[in-house]
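Each residue of the sequence shown is one higher than the one before, starting from 13 at the first, in this note's numbering. The beta-carbon is built from N, C-alpha and C at its ideal position, and this holds for glycine as well. Quick notes on the structure that follows.
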Amino acid sequence: MASIKKRRGKYYSRITWYSESQKRREKQIPLNTDLKSEAVIRNHEVEKVEDLIKQGENWQFPWMGEGGKKKLIRLSIADALEKFYAVKMLDNLRPRTFEAYKQGLNPFMDVIGSDYPIESVGLSEINIFKEWSKRHNHSPSTTNLCLQKIKSFLKYCYDMQYIKTEVKFDMIKVKDKPPMYLSEDKILKLFGSESVELHYRKVFYFYTVTGCRLQEPFNGYINGNWLIVDTDISKTGEEREVELNDNTLSILLEMRERVEAAVGVSGHGTKSASRRWQIKKYSRKFKKCAIAEGFGMHKFHNLRDTYATRRWAITGDILAVSKEIGHTSVKMTEKYTKFNLRRLMNDFPSIAPMIQMRLGKSTMDKGLNRIALNYLQLG
């Protein structure tokens, strides 16, 4: 039977039960009164549909609106998403994190239907979305980014009792691919290419020796010989400090000046006038240059991969490299340790002597060998 509970001067009808997985569930329905006598009467109305509420149905009662009869509420995906977004806004998420939720969930709503009842969402709807994503040639990683947000949304819906049972599903299996770095042969072609002007080639050098993400040089601030990427603008929420020398500082200032001068200037369409579009121009110029020089499979982000790979090859300190490039966990950085060091010596001849020093360090326990010689008649 539903019990009555008073909270902050108002009465609520409290229903508790156990789900099929033996998890204790509770739902509180506002009775919108501070009078116990009235609360008892309204609680009796709730008890009439208590079994249906325990099955996951949502009901609206006369005292919740403008009177009338109690009625079953069919909450749509759009309605549930609106409530979910409102809760996420209270979590003080960074704008780009909140935007990532929208990028993952809005397509799901569009595919299934904004008016589709949230209580009817199950594995079949998840599979429909997966099939849609595959038809649109989305990469498994892109699909998984959406599925992560969908999983979070459906967990919220289950906790709020908009759906009867928790929807559990598997992510798309993704084969681990090693990061793609640029060998020094390719780097030399990049720096010497005539397919783009000198400014862009200097920018490629800047990103290769700093390991910055595309937006970081423009969104961080300069403090002496340091570029500071604070937590508000960092992709991972981790502050990053990038040391600059005279060359990289000069290039950075030139990059910023060039972008700011181009913002707002009319071009081919409105996008060309935006700051973000101007910054992305560096990525497009890289792709143009890579194709012209015969390694078009590479992406702009591979400049950052090159930095991380070279730093690990030199130091062997994966924790230090992880902090340098602003990863939240060493696990994210471990992909750079998969390369054979001797192969890296061939691809990076300028740092081969430093890699050789790492390879030359003996890891054998010579002390134990000396002890064993006396007892085991070793040669």
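- For V241, DSSP records a beta bridge to R252.
- If the five residues before and after E196 are omitted, its C-beta is found closer than 8 Å to the C-beta atoms of D359, F360, P361 and S362, all from its own chain and listed in chain order.
- Taking each of I263, I291 and S262 in turn and checking the Cα distance to V271, the smallest one comes out for I291.
- In the DSSP assignment, T28 falls within the beta strand (DSSP E) that extends over K22 to Y30.
- Relative to E38, the option among R54, A51, I16 and I53 whose CA is nearest is I16.
- Rounded to the nearest whole angstrom, the CA to CA distance from W29 to L226 is 52 Å.
- Contact between A325 and L353 holds, since their C-beta atoms are separated by about 6 Å, short of 8 Å.
- Unbroken beta strand (DSSP E) runs of no fewer than 3 residues, entirely contained in the segment 43 to 107, are found at 70 to 72 and 83 to 85, following chain order.
- With a beta-carbon spacing of about 5 Å, N44 and W75 fall inside the 8 Å limit used to define contacts.
- Nearest C-alpha to E32 among T177, L93 and Y97: T177.
- A Cβ-Cβ contact shorter than 8 Å links S205 with A304.
- DSSP, reduced to helix, strand and coil, places K185 outside both helices and strands of the structure shown, so it counts as coil.
- By the CB criterion at 8 Å, I240 and N231 fall outside the cutoff.
- Here I330 carries a helix assignment [DSSP, helix/strand/coil].
- DSSP, read as helix, strand or coil, puts Q290 in helix.
- Under DSSP, N139 shares a beta bridge with no residue.
- Counting along the chain, S262 sits inside no beta strand (DSSP E); it lies in the alpha helix (DSSP H) bounded by residues D258 to A274.
- The beta carbon of V133 sits closer than 8 Å to those of I89, I124, L166, C169, I175 and V179, all from its chain and outside the five residues before and after it, given in chain order.
- Contact annotation: S207 and K300 have beta-carbon atoms nearer than 8 Å.
- A direct Cα-Cα distance of roughly 24 Å separates E250 from M192.
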